[in-house]
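One structure below.
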DNA sequence: TGCACCACTTTCCTCTAGGTACCTACTAGC
DNA sequence: GCTAGTAGGTACCTAGAGGAAAGTGGTGCA
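Residue numbers (our numbering), protein chains in the order written: chain X, 1343 to 1467; chain H, 1343 to 1467.
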């Protein structure tokens, strides 16, 4: 319970939000996870592995992650051109986070169950 | 490096994506974090604490989290009506995850630095 | 001659999440 | 009679993210 007298900082209600925006914005999770789990990838390799991502969005997200220092881009001026993406040291520091997330997947069944129960209650009512 | 012969499951490229979608979709993080950190809240208390969220979206997200079994809603048929939201046992199991996220906030400086470096390189080029 | 390859870029278009604003029922208080 | 407070619901609208498809440039290969 919150007392109304508590001064609440307006835009800093949740201290972890900035981290979440960097790491868990759309498409960044599978990219980071893939690079962390399977190492260096070329552009088309990432594209094929993630499957449904379009090259435009993949480029956008890789630039963003490179700018944030989570991914390292290496350009080889060959013909045809070759570019390799790998996770940075900073990106590697996310490993414990991914580990905790992976652990939590055991609870997905409980989420499924909760959804079924909720829908059944609403359907009955 | 990935060999092209490796069979890649098309939509299951990243095993943690389902978890991320449940927990880190837009607005759900501050809601879960607040309820986990500060306990039970009424609707307006959440609204005021999070600050910029609109009642419509807050309702949507609370319903979704209730359906997923992460939040428990208690309705008191008084006048005026009173509704309380608190985190469920399942939601409480996210605590280690939030702890790791909070730890990682120390790296936000490095992200800032990386962005500054990146922008400086691009500006020079 | 023309297609394929790679790593994008550009243009156009769609779709939907989220914002704005207003509405509900009920009562207490002025 | 009018307002405020509570917990939302509903209709409408817009901005922006993201998808689809085609282009680019230099070379190797048929």
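Idealized CB from N, CA, C, for every residue including glycine. None of these values were measured; they are calculated from a predicted model.
Close-in-space but distant-in-sequence residues of the same chain around residue i (CB under 7 Å, 5 per side omitted)
i, result
"residue 1345 (chain X)", "Here the model assigns residue 1345 (chain X) a pLDDT of 33, short of 50, so the residue's position is not dependable, and the following value carries that caveat. The answer is none, since no qualifying residue turns up."
"residue 1381 (chain H)", "1428"
"residue 1288 (chain H)", "Limits of chain H in this structure are 1343 at one end and 1467 at the other, which puts residue 1288 (chain H) out of reach."
"residue 1397 (chain X)", "1389"
"residue 1462 (chain X)", "none"
"residue 1364 (chain H)", "1410"
"residue 1437 (chain H)", "1378"
"residue 1399 (chain X)", "1369"
Cβ separation of residue i and residue j, assumed to be a contact under 8 Å, to the nearest whole Å
i, j, result
"residue 1426 (chain X)", "residue 1384 (chain X)", "6 Å"
"residue 1373 (chain X)", "residue 1403 (chain X)", "6 Å"
C-beta atoms of residue i and residue j nearer than 8 Å
i, j, result
"residue 1375 (chain X)", "residue 1439 (chain H)", "no"
"residue 1411 (chain X)", "residue 1452 (chain H)", "yes"
"residue 1377 (chain H)", "residue 1358 (chain X)", "no"
"residue 1430 (chain H)", "residue 1414 (chain H)", "yes"
"residue 1371 (chain H)", "residue 1421 (chain X)", "no"
"residue 1450 (chain X)", "residue 1360 (chain H)", "yes"
"residue 1366 (chain X)", "residue 1460 (chain H)", "no"
Residues bridged to residue i [DSSP beta-bridge criterion]
i, result
"residue 1428 (chain X)", "X:1414"
"residue 1384 (chain X)", "X:1426"
Close-in-space but distant-in-sequence residues of the same chain around residue i (CB under 6 Å, 5 per side omitted)
i, result
"residue 1448 (chain X)", "none"
"residue 1424 (chain X)", "1418"
"residue 1350 (chain X)", "With a pLDDT of only 42 at residue 1350 (chain X), under 50, the local geometry of the prediction cannot be trusted, and no value is derived from it."
"residue 1416 (chain X)", "1426"
"residue 1392 (chain H)", "1372"
Cβ neighbours of residue i in the same chain (closer than 8 Å, five flanking residues each side left out)
i, result
"residue 1356 (chain H)", "none"
"residue 1353 (chain H)", "Annotation note: pLDDT 45 at residue 1353 (chain H) (below 50); position unreliable, coordinate value reported separately. Excluding sequence neighbours, residue 1353 (chain H) sits near nothing in its chain."
To be precise: take each residue of the segment 1438-1460 of chain H, compare its Cβ to all Cβ atoms of chain X, and keep it if any distance is under 7 Å. Which residues remain? So the close ones are 1438, 1439, 1440, 1442, 1443, 1444, 1446, 1447, 1449, 1450, 1452, 1453, 1456, 1457 and 1460.
Of all the residues that make up the segment 1364-1391 of chain X, which are near chain H by a beta-carbon distance shorter than 7 Å? Answer set for the segment 1364-1391 of chain X: 1364, 1366, 1371, 1372, 1375, 1376, 1380, 1381, 1382, 1383, 1387, 1390 and 1391.
What residues in the segment 1407-1427 of chain X bring their beta carbon closer than 9 Å to a beta carbon of chain H? Listed in sequence order: 1408, 1409, 1410, 1411, 1412 and 1426.
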